[in-house]
Each structure stands twice: as structure tokens, then as C-alpha cells.
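Chains as they are written, first to last, in numbering that gives the first Met the number 0: chain A, 0 to 336; chain B, 0 to 336.
The beta carbon of each residue, even a glycine, is placed where N, CA and C say it ideally should be.
Take a look at the structure set out below.
Protein chains: 2
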Amino acid sequence: MTSGRRVRLVDVAREAGTSVSTVSRVLNGSEQISFEVRNHVRSVAARLGYRADGAAKELKLGRVRTVGVTVPDLANPFFPEVLKGLGAGARGAGYRLLISESGEDPDEELRLAEELTSHASALVLCSSRLRPKHLTKILDGPIPVVCVNRTAEQAGVVCVDYRSGSRQLLDHLATLGHRRIAYVGGPPASWSDGQRRRTLRTLTRKMGMRLEEITGGWSGDHGYAAGPEVLATGATAVITFNDLVAIGLLSWLHDTGVEVPGAVSVTSYDDIPVAAYARPPLTSLRNQRAQLGRLAWGHLSARLAGDQWPPPVMLTPTLTVRASTGRPPADGGPDTR
Amino acid sequence: MTSGRRVRLVDVAREAGTSVSTVSRVLNGSEQISFEVRNHVRSVAARLGYRADGAAKELKLGRVRTVGVTVPDLANPFFPEVLKGLGAGARGAGYRLLISESGEDPDEELRLAEELTSHASALVLCSSRLRPKHLTKILDGPIPVVCVNRTAEQAGVVCVDYRSGSRQLLDHLATLGHRRIAYVGGPPASWSDGQRRRTLRTLTRKMGMRLEEITGGWSGDHGYAAGPEVLATGATAVITFNDLVAIGLLSWLHDTGVEVPGAVSVTSYDDIPVAAYARPPLTSLRNQRAQLGRLAWGHLSARLAGDQWPPPVMLTPTLTVRASTGRPPADGGPDTR
DNA sequence: CCGATCCGTGCAAACGTTTGCAGGGAACTG
DNA sequence: CAGTTCCCTGCAAACGTTTGCACGGATCGG
């Protein structure tokens with residue numbers, strides 16, 4: 000029964016015996032059409048299964064009610080939750096989300112962003128891995144851009160305050176008595192990884208701790224693979240780029256018979272839901288992801304309304320202490336036990 | 000430097016001293032424009048930062064190179080991985096993905112699907128929670144629809160074979176000696192939950208086992224909350240709706256001091272990456288999610304090329320046995336140990 | 001040197017929708 | 001009953017792009 004041809008406004012009009020404009024008005028809820036005609040047109044439209052052509056509508060109206068979004072990796076629960084917040088706000092204002100995943104590839108992200116520029120009325124770059132030059136190019140484009148978890152000029156900026164977060168992690172570990180810390184890093188192109196690294200370096204030096212930096216990544220497999228190197232450093236506490244990496248590392252430590260937190264403490268950023276269900280439950284930095292998304296929409300809607308960008312927002316994460324962190328083993332710290 | 004006005008074809012033409020059609024031809028790579036003009040127009044377009052208006056282009060071309068996708072919950076890693084496969088295929092053919100999340104709400108899913116119908120050239124419904132009546136309505140719409148993990152007439156169908164999967168789970172548990180099984184179910188509107196329930200009921204009866212059905216859900220919290228009820232059934236093995244639920248349940252069992260698999264075995268569907276990192280690692284049914292997405296695109300592209308729908312595809316999952324399943328306790332089964 | 005050929009470019013129509021403007025008829029007022 | 005008002009509806013232009021068609025100039029052969 001599905002007709003090959005798409006049913007247009009003119010088809011409805013002909014069938015209903017009215018003009019195109021009348022149909023258009025009825026379907027857009029105009030009050031100035033008589034009651035009978037309104038009902039009649041509505042029923043005809045319904046019977047024919049009329050659906051407005053999005054492209055034509057947007058062309059005429061000159062607005063595209065679509066927000067393009069790029070994320071490095073949808074499989075990291077961090078991003079879907081940001082998208083939930085963003086989507087809720089956007090939907091409330093009649094905007095859709097056009098979500099694309101770059102697969103952690105900066106070049107692919109550039110392609111996607113350029114693509115989206117011609118199909119969306121605004122752009123949200125989540126944890127952008129773009130090189131600065133390319134980021135500037137996108138920001139110079141015709142549509143407003145919000146960066147989540149990355150700072151930039153000429154853009155809306157909504158970030159987790161990883162400086163504060165890193166400080167909280169180190170304070171927690173220092174209080175427990177740890178002095179030798181390993182950091183299992185994230186993707187090289189990650190801005191937030193850079194933030195954390197710099198902060199960790201500065202603070203460990205200042206606090207008289209020792210920091211070992213280890214190549215990591217963004218997934219559980221990366222964490223598992225980093226296991227041997229972590230152990231080799233002799234660190235008593237490990238901070239990982241995110242919870243997925245931490246969970247992978249926990250798994251390796253378990254398989255290898257290293258006790259957590261008995262022999263080594265593990266902690267991380269993000270506090271995604273499964274962190275609470277890890278064995279042992281993971282000490283992690285909770286950030287308000289949905290709030291991050293809502294704020295991103297807030298910035299965007301202000302800008303779309305013609306205002307200037309609101310000042311950058313930094314959301315301070317809060318440390319959720321669970322069982323994966325504890326005092327260092329007797330020979331690894333100052334405690335005598 | 001960002002000009003408020005969007006730069007159009009006519010702006011480039013005026014600046015380059017040519018006509019609109021010439022610019023259009025150059026930018027679309029037509030061969031029939033002289034070399035010099037081509038270069039000149041290109042450079043002018045680049046200088047002005049011209050970006051084609053997507054809406055106008057699509058209107059004129061009459062095709063929307065966009066595939067709308069609905070998923071119940073992006074936070075379940077199952078879906079992002081399907082999207083990866085789908086997106087890869089679609090991108091290769093010059094299509095974009097327009098992803099929407101229904102939040103497990105059938106009404107919201109209906110709204111989204113209708114929305115998408117006017118903005119996309121095809122639809123992919125992942126694990127649709129739509130009521131049959133509404134599903135039919137969408138299928139009767141003007142654009143082709145693929146259902147992932149749900150069967151339907153007049154649509155492309157790509158499913159995991161949960162019948163076979165459920166059989167494998169039961170066989171595995173039966174071989175270990177279990178006789179009393181609990182099933183922690185999924186969302187009421189889930190088609191795949193229905194499939195599993197029916198199969199589990201039929202097979203347990205046939206195999207002389209006892210099945211207890213428990214209300215569950217789709218997230219870790221649902222699994223955690225189901226803990227007491229699971230324990231009350233006295234079942235020696237639990238099957239859960241998905242791995243997130245299983246991980247939540249594992250966590251409750253651990254908190255409560257119930258040994259897994261010593262006192263009760265736990266197993267589930269999907270085998271998402273974290274399943275391997277659960278404590279104990281989860282016995283689960285691996286399904287090829289990316290392949291599911293690729294096949295969905297395969298069906299769609301065949302249909303978009305004008306062919307009929309390919310016959311429905313059922314992907315058989317394979318059981319990945321890990322440490323969360325074992326023999327039942329001595330008093331719980333026929334084995335004497 | 002004139003006519004035919006061919007290549008490069010411009011003109012204008014069309015895609016499906018919205019909306020300002022105008023026109024026609026009914027109702028109401030004087 | 002004529003004039004005015006007001007409500008409802010239709011006409012046509014416009015949004016930015018693509019593309020069939022036509023046209024003008026250069027090139028070439030006879």
C-alpha cells in the first residue's frame with residue numbers, strides 16, 4: 000500500500016478541493032481558517048499520510064533546527080549521558096540532535112564537523128580531538144560552536160574542571176599515604192588528558208610525590224594492556240584516564256593476583272555507572288554529565304537568540320570514595336601498621 | 000570575523016564575476032568549466048568560506064542522504080556498537096546518521112519516528128518498543144524502515160536469534176546441573192524480552208526445569224534492585240535481560256555475601272565489553288553487534304536501490320563461558336559432589 | 001572567407017514549502 | 001437597500017540550489 004511517490008502539499012490540496020496555502024495554514028495550526036475546512040483538510044491529510052518535506056520547510060523558513068554533535072566514542076558511557084542532557088534541552092526548544100562519532104580520529108572528526116556545518120544550525124564538539132588549527136577553522140565557520148571538555152576562543156565552553164579533580168585525587172591518595180603514583184594516560188589528542196597530566200605533574204612535584212606516566216588509551220582493553228607497565232613502576236596508586244581504562248586494569252590486576260587496594264590502589268575520572276559495580280567498586284571522580292549537556296544547550300540557545308557567548312563554565316567534580324583505594328602496603332609508604 | 004550572513008552561491012558568483020550556475024558546476028566538480036575559471040571560483044569560494052545550504056541542496060536533489068535511527072537507551076553499550084556498524088556502511092555510501100534516543104518510552108519513540116520520517120530517507124528502529132499499532136503506522140509511512148531486534152512485515156529485519164541464545168543458556172545451565180532458574184526480565188515493551196520469555200518457558204517445561212520470572216529492567220540499578228526477589232525464589236541460576244542488569248545483580252549478591260557461582264550462577268545476554276571485566280567475569284551470549292549494524296545497512300541500501308527487502312536475517316549468538324556460572328550448591332541440584 | 005562544429009558560460013525553471021497581499025462574499029450598520 | 005467591515009481563502013513570490021537548454025565566440029575545414 001506504500002505508494003512510491005511522496006505525497007505533497009499540492010496533493011492534499013487537490014484532494015481536499017482547496018488551495019495549497021489553505022492546507023499549509025491548517026497544518027501549521029493557523030487560527031484563521033474556518034472550522035469545517037480545518038477538519039476536512041486534516042482528515043484528508045491524515046488519510047493520504049501527508050508528511051511535510053523537511054528540506055523544503057527548512058529552506059523556506061531559513062532555519063535548520065538541528066544541532067550537530069560529534070563525540071569521539073559512543074561506547075564510552077560518558078558521552079551518551081552528556082547527549083541525554085543536551086538532547087533534553089534541545090528537544091524542548093524544537094531542535095534535533097544530529098550525532099556523529101569520530102572513532103577517536105582527528106581527521107574523521109574534521110570531516111564530520113565540516114559536513115555538519117552545512118546541515119546544522121549549531122555544532123557541539125564533545126571532547127574534541129581536533130588539532131588547534133582545524134578547530135580554529137571550524138570555529139571560523141558560519142554556525143556557532145560549543146566545546147564540551149575543551150577550551151576555545153570564539154566558542155561556548157563547558158568543561159569539567161579536571162585541575163580541581165586531579166587535585167582531589169592526589170589529596171585523597173596523599174592522605175592515605177601514597178607517594179608513588181602512576182598515571183595511565185588517554186588518547187594523545189585529548190585536551191582533557193593534557194589538562195590532567197599538567198596538573199598531576201605540577202602537584203606531585205609540589206607535594207613531594209613521584210609520578211610515572213604510562214601510555215594508555217580510552218577503553219578497557221587499553222587498561223588491561225597497561226597492566227604490566229603499571230606494575231613495573233612500583234607505584235602504590237594508579238590514576239587512569241577514565242573508568243573504562245580503570246576497569247580493564249582492575250581486571251588485569253585480578254588475573255595477575257595483585258590485590259586491590261592491598262598492593263595497589265586504583266582510581267579514575269568520570270564515575271560512570273559501572274564504576275560502582277566494578278570489583279572492587281571504583282573510587283572515581285563524579286562529574287555531572289547530564290548537567291554538562293544541559294549547560295551546553297544553555298550556552299547554545301543564548302547564542303542562537305543573538306546574545307554573546309556566556310562565560311565558560313567549569314563544573315567541579317566530586318570524589319566518590321569506594322573500595323578500590325586504601326593505604327599503601329607497609330613497605331610502600333610511611334605508615335607502619 | 001564571523002559575518003552574520005550566510006554566504007550563498009550568488010555571493011560567490013558576484014565576487015568571482017561569474018554566474019551562479021558556473022559556481023555551482025565548479026563546486027560540484029563538473030568537467031566542463033575551463034581550468035582558469037575553475038581555480039578562480041574555487042579560491043573565491045574558499046576565501047568567502049562558502050558552505051552549501053543543506054536544505055536547499057536536498058530540496059532540489061530530492062534526496063536526503065540521511066538515515067534516521069532510534070534507540071531506547073544510548074547508555075547501553077549494545078546500541079553504540081550497532082551504530083558503529085550501521086554508520087560505517089552508511090558513511091561509505093554518503094549517508095549520515097540522525098540518531099535519536101527514546102529513553103525507553105514508546106510514546107517518545109513514536110514522536111521521534113514521525114519526526115524522522117520527514118527528515119530522513121530511511122529509518123532504522125533499534126529494539127523498537129513501539130506498540131504494534133504504532134509500528135504499523137510507521138511502516139506504512141513513505142520511507143523504508145529496518146527493524147533491528149524486532150520482526151515486522153513490510154520492513155527489513157535484522158535480529159539476534161534469542162531463541163537459539165536462550166536454548167544455549169539453558170543447555171549450559173542444565174549441563175552444570177541446575178534445575179531451578181530465575182529470569183530477571185527486561186522492559187515490558189521489549190520484543191526481545193518477549194522472545195526470551197517464551198523460549199525460556201517452553202524449554203524449561205520441556206527440560207523439566209523450573210522457571211521463576213522476575214520484574215527487572217535494562218540498567219544496573221534494576222539488577223541491583225531485583226536482588227532480594229532473586230534470592231527469595233531459591234533458584235540456583237539466574238538469567239538476566241542484559242549484562243548491565245547482570246552486573247547490577249552481581250553487585251547486590253556481593254554486597255549481600257552470596258557467592259557467585261558458589262551459591263548462585265549468573266548469566267546473561269549480549270556480552271558487552273565490560274562483561275569480561277565483571278567480578279566474577281560474566282558468562283554471556285556474545286552477539287555480533289557491529290555486524291548487526293552492517294547488515295541493517297545492507298538491507299537498507301538494497302531497498303534504497305529499488306530492490307525488495309532481503310529476507311530477514313537472524314544472527315546466532317555464541318555462548319562465552321566465564322566464571323560467573325558453575326555447578327549448583329550440593330543441596331540445590333541432583334549432583335552429589 | 002564563409003559555414004559548421006564545439007566548447008564554455010549564462011538564463012531560467014523547478015524542487016515543496018510559507019506567507020504577504022489582495023479579493024470575494026457574508027454579515028452588519030445606518 | 002447600499003456601504004462598510006471583517007472573515008476566509010487563493011494567488012504568487014521567495015528561500016538557495018541544480019540543470020536542461022540556448023547562445024556566443026573561437027576554431028577549423030572546405
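- Per DSSP, reduced to three states, the secondary structure at Thr319 (chain A) is strand.
- Under a criterion of Cβ atoms nearer than 8 Å, no residue of chain B is adjacent to Thr282 (chain A); the nearest Cβ is some 16 Å distant.
- Proximity to Val312 (chain B) across B:Asn75, B:Val147 and B:Thr255 peaks at B:Val147, based on C-alpha coordinates.
- Here DSSP, grouped into helix, strand and coil, assigns Leu314 (chain B) to strand.
- Proximity of the region 286-305 of chain A to the region 113-130 of chain A meets the contact definition, three or more beta-carbon pairs being nearer than 8 Å.
- Residue-level contact check: Pro309 (chain B) does not touch chain A, since none of the beta carbons of chain A fall below 8 Å from its beta carbon.
- Put simply, the region 97-112 of chain B does not touch the region 43-57 of chain A. Fewer than three CB pairs are less than 8 Å apart.
- Here Ala234 (chain B) has Arg179, Ile180, Ala181 and Glu211 as same chain residues with Cβ atoms under 6 Å from its own Cβ, once five neighbours each way along the sequence are excluded.
- Considering only beta carbons, the part of the region 250-273 of chain A lying closer than 8 Å to chain B consists of Ser250, His253, Pro272 and Val273, in chain order.
- Distance from the Cα of Tyr276 (chain B) is smallest, within the candidate group A:Pro328, A:Gly261, A:Pro141 and A:Val244, for A:Val244.
- Within the same chain, Arg195, Thr198 and Leu199 come within 6 Å of Ser165 (chain A) by CB-CB distance, once the 5 residues on both sides are set aside.
- Taking the beta carbon of Gly48 (chain A) as reference, the chain B residues within 8 Å of it are Asp139, Gly140 and Pro141, listed in sequence order.
- Annotation: the continuous alpha helix (DSSP H) that includes Leu26 (chain A) extends over Val19 to Leu26.
- Assignment of Ala295 (chain B) by DSSP, reduced to helix, strand and coil, places it in the helix class.
- By the Cβ criterion, the region 266-283 of chain A is in contact with the region 304-319 of chain A, since at least three pairs of Cβ atoms, one from each stretch, lie closer than 8 Å.
- Within the DSSP secondary-structure output, Glu113 (chain B) pairs in no beta bridge.
- Gly222 (chain A) and Ser323 (chain A) have their C-alpha atoms some 15 Å from each other.
- The beta carbon of Ala262 (chain A) sits closer than 7 Å to those of Pro328, all from its chain and outside the five residues before and after it, given in chain order.
- Annotation for Leu281 (chain A): no beta strand (DSSP E) segment contains it, and DSSP assigns it neither H nor E.
- The C-beta distance from Arg149 (chain A) to Ser127 (chain A) rounds to 5 Å, short enough to fall under 8 Å.
- With its beta carbon less than 8 Å from one in chain A, Glu57 (chain B) belongs to the interface.
- Ile238 (chain B) is outside the set of residues whose beta carbon lies under 8 Å from a beta carbon in chain A.
- Ser250 (chain B) is positioned such that its CB atom lies no closer than 8 Å to that of Leu175 (chain B).
- Excluding its 5 nearest sequence neighbours in each direction, Ala236 (chain B) has C-beta neighbours in its own chain below 8 Å: Leu172, Leu175, His177, Arg179, Ile180, Ala181, Val263, Ser264, Val265, Thr266, Thr324 and Pro327, listed in chain order.
- The C-alpha of Ala12 (chain B) is placed about 37 Å away from the C-alpha of Gly102 (chain A).
- In this structure Thr203 (chain A) is buried. Its beta-carbon is surrounded by 16 or more other beta-carbon atoms within 10 angstroms.
- In the DSSP assignment, Asp269 (chain A) falls outside any alpha helix (DSSP H) and lies within the beta strand (DSSP E) extending over Ser264 to Asp269.
- Per the Cβ contact rule, the region 111-118 of chain B is not in contact with the region 83-91 of chain B (fewer than 3 Cβ pairs under 8 Å).
- Below the 8 Å Cβ cutoff, chain B contributes Gly53 and Ala54 as neighbours of Val63 (chain A), in chain order.
- Proximity of chain A to Leu96 (chain B) at the Cβ level (cut-off 9 Å) is accounted for by Leu97, Ile98, Ser99 and Glu100, in chain order.
- Collapsing the DSSP output to three states places Ser29 (chain A) in coil.
- Less than 8 Å separates the beta-carbon of Phe240 (chain A) from that of Gly215 (chain A).
- For Ile246 (chain A), the nearest CB of chain B lies under 8 Å from its own CB, placing it at the interface with that chain.
- Judged by beta-carbon spacing, Ser117 (chain B) lies beyond the 8 Å limit of Arg64 (chain A), meaning their Cβ atoms are not closer than that value.
- Counting along the chain, the unbroken alpha helix (DSSP H) around Thr135 (chain B) starts and ends at Pro131 to Leu138.
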